[in-house]
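Take a look at the structure below.
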Amino acid sequence: MNLIRTVELSIWDLASHAFRSFLTGLGVVFGVGAVVAMMAVSEGASREALRQIEARGIDNIVIRSVRPSTDQSTENASTWNAASYGVTLDDMRHIRHDFDNVRSIVPVRRLRMSVYNKGKRSDIQVFATIPEFLQLSNSRVADPRGRFITDSDGENAVKACAIGIRAARTLFGFNDPLGQNVNIDGKYYHIVGLFENPFGSQMMGGYDLDNVIITHIEAANTLHGKMSTERKAGSFERVIVEADFLYIRVGDQEQIENTAGRLRTYLEKTHPQNDYEVQVPYELLKQREASQRISTIVMASIAAISLLVGGIGIMNIMMANIYERTKEIGTRRAVGAKKRDILTQFLVEAVVLTSLGGVLGVGLGVGLAEIVAIYAKMETVVTPISVIVSFGVSVCVGVIFGTYPAWKAANLDPITALRTE
Amino acid sequence: MGFLRSSDKAADGGEKSKWVVDLQQLEKTYYAGACSVQALKPVDIQIPYGIFCAIMGPSGSGKSTLLNLLGLLDQPSGGHYILNGQDVSRLGDNTLSEIRCTQIGMVFQSFNLFPHFTIQENVCVPMRYAGFSEKKMQQRAADLLNRVGLGDRLKHKPTQLSGGQCQRVAIARALANDPPVILADEPTGNLDEKTGNEILNLFHELRDSGRTIIMVTHNPEYENVVERTIVLHDGYITRDISNPKSRPSVTSEACTESHIP
Ligand SMILES: Nc1ncnc2c1ncn2[C@@H]1O[C@H](COP(=O)(O)OP(=O)(O)OP(=O)(O)O)[C@@H](O)[C@H]1O
Ligand SMILES: [Mg+2]
Chain C
1 MNLIRTVELS IWDLASHAFR SFLTGLGVVF GVGAVVAMMA VSEGASREAL RQIEARGIDN
61 IVIRSVRPST DQSTENASTW NAASYGVTLD DMRHIRHDFD NVRSIVPVRR LRMSVYNKGK
121 RSDIQVFATI PEFLQLSNSR VADPRGRFIT DSDGENAVKA CAIGIRAART LFGFNDPLGQ
181 NVNIDGKYYH IVGLFENPFG SQMMGGYDLD NVIITHIEAA NTLHGKMSTE RKAGSFERVI
241 VEADFLYIRV GDQEQIENTA GRLRTYLEKT HPQNDYEVQV PYELLKQREA SQRISTIVMA
301 SIAAISLLVG GIGIMNIMMA NIYERTKEIG TRRAVGAKKR DILTQFLVEA VVLTSLGGVL
361 GVGLGVGLAE IVAIYAKMET VVTPISVIVS FGVSVCVGVI FGTYPAWKAA NLDPITALRT
421 E
Chain H
422 MGFLRSSDKA ADGGEKSKWV VDLQQLEKTY YAGACSVQAL KPVDIQIPYG IFCAIMGPSG
482 SGKSTLLNLL GLLDQPSGGH YILNGQDVSR LGDNTLSEIR CTQIGMVFQS FNLFPHFTIQ
542 ENVCVPMRYA GFSEKKMQQR AADLLNRVGL GDRLKHKPTQ LSGGQCQRVA IARALANDPP
602 VILADEPTGN LDEKTGNEIL NLFHELRDSG RTIIMVTHNP EYENVVERTI VLHDGYITRD
662 ISNPKSRPSV TSEACTESHI P
């Protein structure tokens, strides 16, 4: 018998018991739906994580200064004694000099100074760094008339700064910020350029790069000294942090882990007070991948169980179906059906059923992913591969769980089958 | 063109046997655990082409057993069965299915139609297994249903028809692959007398177009309208009578020339 026609007839037959067929396939519908939705959620989460990691620069190592928790004496020293911690410019020079894998190293100091906008303090942060920062952070000069900070700014202690495009909008609205002055802690800085970060990267403790002001670190040290005053809930605190961050770009990605290890060894020796943290986005990525693998295994098991349940449901109903249609099977055999014809008929029926279940399940999964995206505000991504895989699996469920009932039907004794009412 | 008999189906080559059904010492024993029942004692029966033959006997005498053997639904325990010139007593399941498909038409007491199919689809089923093309099959099903008087109800489901009409559909289905033998197990058992007689007339027309009809029946009146009656008792043939008063039988040579109006 021709297979296409068999498929057609089995669809027809399933349609004549539409509701029962629907209930039968429901297990597969939910199984496939769950798989597609879970894969979409997991894919969305992993893309989001990847984006975050990439935003920090995959070929970077970041050394962050952290206030040591054991440093009770400086805490208690109240406002007059400054708390001094973190990595220093000496560390930077040493690393730049001794670590041949390090292609560039950029210090960033948060000045903890207020930017005044028409007499009011704004939330714009000021960072002091060196010109290489522009390239390292994947930023660019946004207005060709301007420039980024230069080394001569530092050498001459010029009160010059470059401003992110969002900060410029906040401070000057639609007026041209170039050539204007900005009040930073009472000193007026000349705006020499405008920059932007096309990737919307967040660096330096979650500050949006487009919303900061950048000046040269040497100029800042000369003009303001190394001490900063941090305002904290109404009180003041003096801190000396030479560099809040050291951004290190390694020449070869292969060398990241090795270099990070050497850096850790070096810092352990020179900073016994443990006032630093080494962050390696690449390692985070690796960890992320490992945990992703675990969650994939867990989800695959859940999916396998739900499809198993769906498959057993199919098998159960197919057995009942065959029991109910015993006389039909006998009659078919009497008018010339081979065992093979009966086997094909019931197998096709099971596969058609699970395939339709698979199609509905994919729809359900896409819908669920959409609902999760809207209500849980999570990114979800339905990948073609997840759709193909789960549909393929539902076809396989039909084959696996339909074979036994179909074989059973094919091997019924024709006379016994005919005698059944 | 009568019942669309296109050709005679005797095995090719050699001289054609006179008998469409030739049983030689055919027997059947059922085994159920330790005890065995010899439902059919060794019998010799020869049935020529183109007759209407009845099998009678009390309940449990082995009529259905014999008919199942004739219909290749069951395997004999001994002896030989030559159907239309071919020994079919020891064949594999696939070959048996093919012979059932093309050489034998089955009619059942309870019609055994497929309730979800239209009657046209019902008639198509044996042709599907024989590998007809879709178009040819639908056409032939329509012709056959037309011939049994149901040409205007092709798209009806069996549940929308009376018992007699259902049995007509079943007969049309039995004729689908143009077999030389029609086997019917109590085909009128579920019908009233009048409808039963109509079915009987239909069988006569089939006989006249050259087919052999072998019918199991309990109705003694039918003895008068068939050419031959075989009576079984406990698996033995106790009576085998020909009834020349019945309509004249068609010889095997005349098979191809059907003359139904
Ligand atoms: N599958 C079987 N296993 C064991 N014994 C069987 C089987 N089928 C039939 N028999 C026995 O064979 C004998 C003949 O049965 P069969 O069905 O041929 O009778 P029958 O003449 O058709 O009767 P009825 O007129 O009631 O249909 C009975 O004794 C029956 O019990
Ligand atoms: Mg019987």
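If you're matching them up, the sequences are chains C and H in order.
Take the first sequence: its letters are residues 1 to 421, numbered as in my numbering.
Take the second sequence: its letters are residues 422 to 682, numbered as in my numbering.
Just so it is clear, CB atoms sit at the ideal spot from N, CA and C, and this is done for glycine as well.
So, is the C-beta of residue i closer than 8 Å to a C-beta in chain H?
i      : result
C/I415 : yes
C/V352 : no
C/R5   : yes
C/S301 : no
Grab the span of the alpha helix (DSSP H) containing residue i for me, first residue to last.
i      : result
C/M319 : P281 to E324
H/G585 : G584 to A595
H/S518 : D514 to Q524
C/H94  : L89 to D98
H/M558 : E555 to R568
C/N181 : Per DSSP, C/N181 belongs to no alpha helix (DSSP H); it is in the beta strand (DSSP E), N181 to I184.
C/E230 : No alpha helix (DSSP H) contains C/E230, which is instead part of the beta strand (DSSP E) from M227 to K232.
C/Y116 : Here C/Y116 belongs to no alpha helix (DSSP H); instead the beta strand (DSSP E) covers V115 to N117.
C/F391 : P384 to A410
C/Y375 : K339 to Y375
C/E218 : I217 to H224
Return no unless some Cβ of chain C is closer than 8 Å to the Cβ of residue i.
i      : result
H/C577 : Going by the sequence as given, residue 577 of chain H is His instead of Cys. H/H577 does not count as touching chain C.
H/L494 : yes
H/H501 : no
H/F535 : yes
H/S518 : yes
H/R594 : yes
H/D655 : no
H/N489 : yes
H/D465 : no
H/C587 : no
H/Q459 : no
H/E607 : no
Hey, quick one: how far does the beta strand (DSSP E) through residue i stretch, first residue to last?
i      : result
C/F127 : Q125 to T129
H/H537 : Segment: none, H/H537 is in no beta strand (DSSP E) and carries neither H nor E.
H/G499 : G499 to L504
C/V190 : Correcting the residue identity first, residue 190 of chain C is His in this sequence and not Val. Segment K187 to E196, the beta strand (DSSP E) holding C/H190.
H/A460 : C456 to P469
H/Y452 : W440 to A453
C/R109 : V102 to R110
H/R660 : Y657 to S663
Since residue i meets chain D, which of its residues come closer than 8 Å, beta carbon to beta carbon?
i      : result
H/N515 : Reference to chain D is not applicable here, since the protein chains of this structure are C and H.
*Starting from the N-terminal side, write out each stretch of the beta strand (DSSP E) that is 3 residues or longer and does not extend beyond the stretch 600-625 of chain H.*
Within the stretch 600-625 of chain H, complete beta strand (DSSP E) segments of at least 3 residues are found at 602-606, given in chain order.
*Would the stretch 356-374 of chain C and the stretch 273-289 of chain C be scored as touching if the rule is three or more Cβ pairs under 8 Å?*
Under the Cβ criterion (8 Å, minimum of three pairs), the stretch 356-374 of chain C does not count as touching the stretch 273-289 of chain C.
_Residues of the stretch 541-564 of chain H with Cβ closer than 8 Å to any Cβ of chain C, in chain order_ = So the close ones are V546, P547, R549, Y550, A551, G552 and E555.
_Near-chain H residues of the stretch 320-352 of chain C (beta-carbon distance less than 9 Å), N- to C-terminal order_ = Listed by position, the residues of the stretch 320-352 of chain C near chain H (Cβ gap below 9 Å) are K327, E328, G330, T331, R332, R333, A334, V335, G336, A337, K338, K339, R340 and D341.
*Could you name each continuous alpha helix (DSSP H) segment of 4 residues or more that falls completely within the stretch 123-172 of chain C, going from the start of the chain to the end?*
As summarised for the stretch 123-172 of chain C, the continuous alpha helix (DSSP H) elements at least 4 residues long and confined to that stretch are 133-136, 151-155 and 165-172, given in chain order.
*Taking only beta carbons into account, state which residues of the stretch 12-24 of chain C come closer than 7 Å to chain H, listed in chain order.*
Of all residues in the stretch 12-24 of chain C, D13 and S16 have a Cβ within less than 7 Å of some Cβ in chain H.
*Would you check if there are 3 or more beta carbon pairs closer than 8 Å linking the stretch 232-242 of chain C to the stretch 253-271 of chain C?*
The stretch 232-242 of chain C vs the stretch 253-271 of chain C: no contact.
*Taking 8 Å as the threshold, find out whether the stretch 345-360 of chain C comes into contact with the stretch 19-35 of chain C through three or more Cβ pairs.*
Yes, the stretch 345-360 of chain C is in contact with the stretch 19-35 of chain C.
_Cβ contact (3+ pairs, closer than 8 Å) linking the stretch 587-605 of chain H and the stretch 625-632 of chain H_ = Contact between the stretch 587-605 of chain H and the stretch 625-632 of chain H is present, because at least three Cβ pairs lie under 8 Å.
*Positions along the stretch 618-642 of chain H whose CB lies within less than 8 Å of some CB in chain C*: Listed in sequence order: no entries.
*Within 9 Å of chain C by C-beta, residues of the stretch 519-530 of chain H in sequence order*: Cβ contacts with chain C: E519, I520, R521, C522, T523, I525, G526, M527 and F529.
*asked:* Tell me whether the stretch 465-479 of chain H and the stretch 641-659 of chain H touch, counting them as touching only if at least three CB pairs, one residue from each stretch, are closer than 8 Å.
replied: They touch, by the three-pair rule.
*Ignoring anything shorter than 4 residues or poking outside the stretch 243-272 of chain C, list the alpha helix (DSSP H) runs there in chain order.*
Along the stretch 243-272 of chain C, the alpha helix (DSSP H) occurs as fully enclosed runs of 4 or more residues at 256-270, listed in sequence order.
*Does the stretch 454-473 of chain H come close enough to the stretch 484-492 of chain H that 3 or more CB-CB pairs lie under 8 Å?*
Because the criterion of three Cβ pairs below 8 Å is met, the stretch 484-492 of chain H and the stretch 454-473 of chain H touch.
_Using a Cβ distance threshold of 8 Å, determine whether the stretch 105-123 of chain C contacts the stretch 183-198 of chain C, with at least three qualifying pairs required._
Result yes; three or more Cβ-Cβ pairs closer than 8 Å.
*Complete runs of the alpha helix (DSSP H) confined to the stretch 11-64 of chain C [at least 4 residues]*: With a minimum length of 4 residues, the continuous alpha helix (DSSP H) runs that stay inside the stretch 11-64 of chain C are 18-55.
*Contact between the stretch 272-287 of chain C and the stretch 92-107 of chain C: three or more CB pairs below 8 Å?*
With the cut-off at 8 Å, the stretch 272-287 of chain C and the stretch 92-107 of chain C do not touch.
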